[in-house]
Amino acid sequence: MKKLIKILENRKIKISNMCYKNYEIKNNTLIVKKAHGMVPSTIETREMIDIYQMFENEKNIDFKVLDNGDISIERVGINN
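Heads up: the sequence shown is residues 134 to 213, going by the working numbering.
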């Protein structure tokens with residue numbers, strides 16, 4: 134889990150992103166929170182792709198977009 138957080142923090146999403154700026158840890162899962170408010174869908178999609186690409190080289194990662202638009206990132210199959 135620490136490695137996943139470090140990857141996310143190294144990209145400074147709180148500064149650079151408009152839609153996906155904050156995250157929290159729930160049940161050993163990293164949840165990147167979608168901002169409330171009006172953000173153009175092109176920006177939302179671009180940020181979602183950027184976040185996915187941050188983790189695409191990591192092994193055993195489960196990356197999901199939740200119904201509310203948040204992104205769930207979890208390391209599966211091994212100890213976090």
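Don't be surprised by glycine CBs; every beta carbon is placed ideally from N, CA and C.
Inter-residue distance for residue 192 and residue 173 is about 31 Å (C-alpha atoms, whole angstroms).
Here DSSP, grouped into helix, strand and coil, assigns residue 195 to strand.
Around the C-beta of residue 141, 16 or more other C-beta atoms lie within 10 Å, and the residue is accordingly described as buried. Pairing residue 159 with residue 168 gives a Cβ-Cβ distance that is not under 8 Å. In the DSSP annotation of this structure, residue 143 is not part of any beta strand (DSSP E); the continuous alpha helix (DSSP H) holding it starts and ends at 135–143.
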